[in-house]
Amino acid sequence: MIRPRGVLIALLASLLSLASCSGPAHTEKKTEASAQPAGPPTTGAYKVLLATSKGDITVEVHRDWAPIGAQHFYDLVQDGYYNGARFFRYVPNYVIQFGLAADPQETKKWDDTIKDDDVVQTNRAGTLAFANTGAKNSRAAQVFFNLRSNQNLDQEGFAPFAQVVSGMDVVGKIYGGYGENPDQDSIRLQGNAYLLKSYPKLDYIKTARVL
241 MIRPRGVLIA LLASLLSLAS CSGPAHTEKK TEASAQPAGP PTTGAYKVLL ATSKGDITVE
301 VHRDWAPIGA QHFYDLVQDG YYNGARFFRY VPNYVIQFGL AADPQETKKW DDTIKDDDVV
361 QTNRAGTLAF ANTGAKNSRA AQVFFNLRSN QNLDQEGFAP FAQVVSGMDV VGKIYGGYGE
421 NPDQDSIRLQ GNAYLLKSYP KLDYIKTARV L
């Protein structure tokens, strides 16, 4: 009777040893999974801080307003596309536009267009919308601030995707002395090299980041 009992004890000890070995591996796997970075927000709203040469502007992006545009803006910000970009178009009491990159290679990289969103919000003062060429599905990376209520743009297919929640006074300080003079084709080809030489007073986005 002594021999089988010894075998049983040895078997139990072996099983306990195996169980203790499997524990840390399982815990490590869970730790690795929990350490994975969170993906982009897929629902609701998110905020973006635009640190500009005139001060900080915070915008709140609403996916339910324009889901395609909201996701596209997120992707552009995460890529650093808007860092260094100038506010190159200023129409008083109407819009301020930006979105041609400091580096022309970045502009080229993001030149593909996205599909249109339905317009479910009006272009009221402080909202942001993607510019287009007037053709269907022609939005790329250019964005404008509405400086007033521009409800006429609703019928033209401009779908607001965000609203300034802090820093509208900063928007009002952006330099507008050059009006619409900067040539967009030249910006596309030369980026900030062209703007710094010909339009040095333009304000710009230092950095854009998701909060």
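So for the sequence shown, our numbering puts the first residue at 241; every next one is plus one.
Every residue gets a Cβ at the ideal spot worked out from N, C-alpha and C, and that includes glycine.
Evaluate the contact criterion for the segment 425-432 versus the segment 401-409: three or more CB pairs, one atom per stretch, below 8 angstroms. no
Three or more C-beta pairs under 8 angstroms: does that hold for the segment 321-336 against the segment 296-303? no
Just to confirm, is the Cβ distance from GLY366 to ALA342 under 8 angstroms? In this structure, GLY366 keeps its C-beta atom at 8 angstroms or more from the C-beta atom of ALA342.
Could you work out which residue in GLY295, SER406 and TYR314 is closest to VAL383 when comparing CA atoms only? Comparing Cα-Cα distances from VAL383 to each of GLY295, SER406 and TYR314, the minimum goes to TYR314.
Any idea what DSSP makes of LEU256, helix, strand or coil? Residue confidence for LEU256 is low, a pLDDT of 36 falling below 50, so the modelled location carries little weight; the figure read from the coordinates is stated next. Of the three classes helix, strand and coil, the one that applies to LEU256 here is helix, per DSSP.
Using the Cβ count rule (16 or more neighbours within 10 Å means buried), how would you classify GLY407? buried
If distances are taken between C-alpha atoms only, which option among PRO344, ARG388 and THR347 comes closest to ARG364? ARG388
Can you tell me which of the three DSSP states ALA433 falls into? helix
Between which two residues does the alpha helix (DSSP H) holding GLU396 run? Taken as a continuous stretch (DSSP letters only), GLU396 belongs to no alpha helix (DSSP H), as it is neither H nor E.
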